[in-house]
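A.B. asks:
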Amino acid sequence: NAGVMQNPRHLVRRRGQEARLRCSPMKGHSHVYWYRQLPEEGLKFMVYLQKENIIDESGMPKERFSAEFPKEGPSILRIQQVVRGDSAAYFCASSPGQGPHEQYFGPGTRLTVT
Amino acid sequence: GENVEQHPSTLSVQEGDSAVIKCTYSDSASNYFPWYKQELGKRPQLIIDIRSNVGEKKDQRIAVTLNKTAKHFSLHITETQPEDSAVYFCALRKAAGNKLTFGGGTRVLVKP
Numbered sequence: 605n606a607g608v609m610q611n612p613r614h615l616v617r618r619r620g621q622e623a624r625l626r627c628s629p630m631k632g633h634s635h636v637y638w639y640r641q642l643p644e645e646g647l648k649f650m651v652y653l654q655k656e657n658i659i660d661e662s663g664m665p666k667e668r669f670s671a672e673f674p675k676e677g678p679s680i681l682r683i684q685q686v687v688r689g690d691s692a693a694y695f696c697a698s699s700p701g702q703g704p705h706e707q708y709f710g711p712g713t714r715l716t717v718t
Numbered sequence: 019g020e021n022v023e024q025h026p027s028t029l030s031v032q033e034g035d036s037a038v039i040k041c042t043y044s045d046s047a048s049n050y051f052p053w054y055k056q057e058l059g060k061r062p063q064l065i066i067d068i069r070s071n072v073g074e075k076k077d078q079r080i081a082v083t084l085n086k087t088a089k090h091f092s093l094h095i096t097e098t099q100p101e102d103s104a105v106y107f108c109a110l111r112k113a114a115g116n117k118l119t120f121g122g123g124t125r126v127l128v129k130p
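If you read the protein sequences in the order shown, they are chains W and A. For the first sequence, counting from 1, position 23 maps to 627 in my numbering; every step adds exactly one. For the second sequence, counting from 1, position 105 maps to 123 in my numbering; every step adds exactly one.
What follows is the structure, given as structure tokens:
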């Protein structure tokens, strides 16, 4: 049973470019969460999605960031016009559904903006 | 909103000694309290969790205690081993929501 998959594992972008991060949840999981971890800090919630629905985006920056989880395919976190401050590790987690379910984390995508 | 304070930020212990990490929170609606271990460059991995209807839970050398009245919960690692060296994060979740709110982390170093 494959765990949560994320790709790419490492991503280098120049300032102003776009970054696309992908997350495939565990088999049977329909809920996806994105977290950002700045160097030497804890994880900060960004967005919670179900298939074709954004449930909670209270942690998403108002500009340049967007997320989707289409009916088919992985969840995508998109960062437009990246800046140096976007450099971080972005972790995706999945769970089977609402309520008292553990969230399983993917290996993360380490974004470096040069 | 939710807020979690985690202490200490770094902890150095001798192999075989115990390590204790404490987290305090403010939102009484929180009802799920997991602890994650993160090794350098790796994903956070759940090591133990506790729900608000339980005061203590133990799994081999790891235990978690919860005091809902005082709004704090703690991780206890006994008989520490070098492989316990990592960053440990507490987290919590409100009853009505699904997002996890994380503490700032504790870097644990177990010296052989």
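No residue lacks a Cβ here, since even glycine has one placed at the ideal position from N, Cα and C.
Please state if the CB of I680(W) and the CB of A671(W) are separated by a distance shorter than 8 Å.
C.D. replies: The count along the first sequence starts at 1 and reaches residue 671(W) at position 67. The count along the first sequence starts at 1 and reaches residue 680(W) at position 76. Yes, the pair counts as a contact, with Cβ atoms nearer than the cut-off.
A.B. asks: Taking the alpha carbon of V608(W) as the reference point, which residue from Q707(W), V717(W), T716(W) has its own alpha carbon closest?
C.D. replies: Indexing the first sequence from 1 puts residue 608(W) at position 4. The shortest C-alpha separation from V608(W) is found at Q707(W).
A.B. asks: Classify P100(A) as helix, strand or coil using the three-state DSSP reduction.
C.D. replies: Within the second sequence, numbered from 1, the residue matching residue 100(A) stands at position 82. In the structure shown, P100(A) sits in a helix (DSSP, three-state: H, G or I).
A.B. asks: Got a sec? Which residues, its chain only, sit under 8 Å from E656(W) by beta carbon, not counting five neighbours each side?
C.D. replies: The count along the first sequence starts at 1 and reaches residue 656(W) at position 52. So the list reads F673, P674, K675, once near-sequence residues are dropped.
A.B. asks: Are the C-beta of F673(W) and some C-beta of chain A separated by less than 8 Å?
C.D. replies: Here the question's residue 673(W) lines up with position 69 in the first sequence. By this cut-off, F673(W) is not an interface position.
A.B. asks: Please decide whether G73(A) counts as near chain W, where near means a Cβ-Cβ distance under 8 Å.
C.D. replies: Position 55 of the second sequence holds residue 73(A). Cβ-Cβ to chain W under 8 Å: no for G73(A).
A.B. asks: Would you say the region 648 to 655 of chain W touches the region 30 to 38 of chain A, given that touching needs at least three Cβ pairs under 8 Å?
C.D. replies: Output reads no: the region 30 to 38 of chain A does not touch the region 648 to 655 of chain W.
A.B. asks: Would you grab the beta carbon distance between T718(W) and R618(W) for me? Rounded to a whole angstrom, and I think it's under 8 Å.
C.D. replies: In the first sequence, counting from the first residue as 1, residue 718(W) sits at position 114. In the first sequence, counting from the first residue as 1, residue 618(W) sits at position 14. With 8 Å as the limit, T718(W) and R618(W) qualify as a contact, their Cβ atoms being about 6 Å apart.
A.B. asks: Starting from the C-beta of K86(A), find all residues in its chain whose C-beta is less than 7 Å away, skip the five residues before and the five after it, and write them out in chain order.
C.D. replies: Along the second sequence, read from residue 1 onward, the residue named residue 86(A) stands at position 68. Here the set comprises S70.
A.B. asks: By how many angstroms is the C-alpha of L84(A) removed from the C-alpha of E57(A)?
C.D. replies: Stepping through the second sequence from its first residue, residue 57(A) is reached at position 39. Stepping through the second sequence from its first residue, residue 84(A) is reached at position 66. Approximately 25 Å, taken between the alpha carbons.
A.B. asks: Should D77(A) be labelled buried (16 or more other beta-carbon atoms within 10 Å of its own) or exposed?
C.D. replies: Working through the second sequence from its first residue, we reach residue 77(A) at position 59. D77(A) should be labelled exposed.
A.B. asks: Would you say G632(W) reaches chain A, if we count a Cβ-Cβ gap shorter than 8 Å as a contact?
C.D. replies: Looking up residue 632(W) in the first sequence gives position 28. Judged by the 8 Å Cβ criterion, G632(W) is not in contact with chain A.
A.B. asks: Sort Q24(A), T42(A), K129(A) by Cα distance to S103(A) and report the nearest one.
C.D. replies: Within the second sequence, numbered from 1, the residue matching residue 103(A) stands at position 85. Here the closest residue by C-alpha is K129(A).
A.B. asks: Check whether the Cβ of D660(W) lies closer than 8 Å to any Cβ atom in chain A.
C.D. replies: Numbered from 1 along the first sequence, position 56 holds the residue referred to as residue 660(W). Cβ-Cβ to chain A under 8 Å: yes for D660(W).
A.B. asks: With a threshold of 16 other CB atoms inside 10 Å of the CB of P52(A), please say whether the residue is buried or exposed.
C.D. replies: Taking the first residue of the second sequence as 1, we reach residue 52(A) at position 34. Per the 10 Å Cβ criterion, buried.
A.B. asks: Between the region 105 to 114 of chain A and the region 41 to 50 of chain A, are three or more C-beta pairs nearer than 8 Å?
C.D. replies: Contact holds: three or more Cβ-Cβ distances are below 8 Å.
A.B. asks: Is it a yes or a no for the region 628 to 645 of chain W touching the region 686 to 697 of chain W, going by three-plus beta-carbon pairs under 8 Å?
C.D. replies: Taking 8 Å as the limit for Cβ pairs, the verdict is that the region 686 to 697 of chain W does touch the region 628 to 645 of chain W.
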